[in-house]
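Asker: In the working numbering, the protein residues as written are -4 to 144. Shown below is the structure under consideration.
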């Protein structure tokens, strides 16, 4: 039965079509979803045809944060970001290579990915205890060094 979706009711067919279209659309700038569900981030180098690979992540937020880090270092504070309030501004990183940008972006993306997946697993496994509150760490801060030397 071809067109079985639209033969029952046109409103449900339109809703299904909108859902499929929203799944295909990118939720953030600079990322895309692979066929198997992983989210990847990459960015073009300015005035070049080459791209900087920023990594593959399980969550779109992690991929978007990796993209934000890279685009900030490439284009500066005027760059269009997914999360403009979460980018760490460092003055010593003005002239930076593609390898350094890739390293910084993958570090941020990996941290966010680990945090997102652990929060997701913790919330699904501990749904019986909703009173427990998780404090989100600031991933842009350097860890405090201990004075154990």
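Glycine is no exception: its CB is placed at the ideal position from the N, C-alpha and C atoms. If you're wondering where the values come from, they're calculated on a predicted model, not measured in any experiment.
1. Looking only at its chain, what residues have a beta carbon closer than 6 Å to the beta carbon of residue 99, apart from the 5 residues adjacent to it on each side?
2. Curious, which full-length beta strand (DSSP E) runs of at least 3 residues does the segment 42 to 106 contain?
3. Report yes if the CB atom of residue 62 is closer than 8 Å to the CB atom of residue 36, and no otherwise.
4. How far does the beta strand (DSSP E) with residue 31 in it reach, from first residue to last?
5. From residue 82 to residue 39, what does the alpha carbon distance come to, in whole angstroms?
6. If you drop the 5 nearest sequence neighbours on each side, which residues of the same chain put their C-beta closer than 6 Å to that of residue 144?
7. So, are the CB atoms of residue 31 and residue 58 less than 8 Å apart?
8. Comparing C-alpha positions only, which one of 60, 28, 76, 93 sits nearest to residue 43?
9. I need the straight-line Cα distance from residue 113 to residue 136, nearest angstrom please.
10. Considering only C-alpha positions, which residue in the set 52, 47, 46, 28 is nearest to residue 111?
11. Select from 24, 41, 47 the residue whose C-alpha is nearest the C-alpha of residue 95.
12. If distances are taken between C-alpha atoms only, which option among 104, 91, 25 comes closest to residue 71?
Answerer: Quick look at the numbers:
1. Excluding positions up to five away in sequence, the list reads 64.
2. Fully enclosed beta strand (DSSP E) runs of 3 or longer: 46 to 52.
3. Yes, the Cβ-Cβ distance between residue 62 and residue 36 is below 8 Å.
4. Run containing residue 31: none; DSSP gives neither H nor E here.
5. So the two alpha carbons sit approximately 19 Å from each other.
6. With a pLDDT of 49 at residue 144, under the threshold of 50, the modelled position of that residue is not reliable, and the figure given next carries that caveat. Counting only residues of its own chain and dropping the five nearest sequence neighbours on each side, residue 144 has no CB closer than 6 Å to any other CB.
7. Taking 8 Å as the Cβ cut-off, residue 31 and residue 58 do not qualify as a contacting pair.
8. Nearest option by C-alpha distance: 93.
9. Taking the Cα positions, residue 113 is about 20 Å away from residue 136.
10. Of the listed residues, the one whose Cα sits closest to residue 111 is 52.
11. Scanning 24, 41, 47 for the CA closest to the CA of residue 95 turns up 47.
12. That would be 91, whose Cα lies nearest to the Cα of residue 71.
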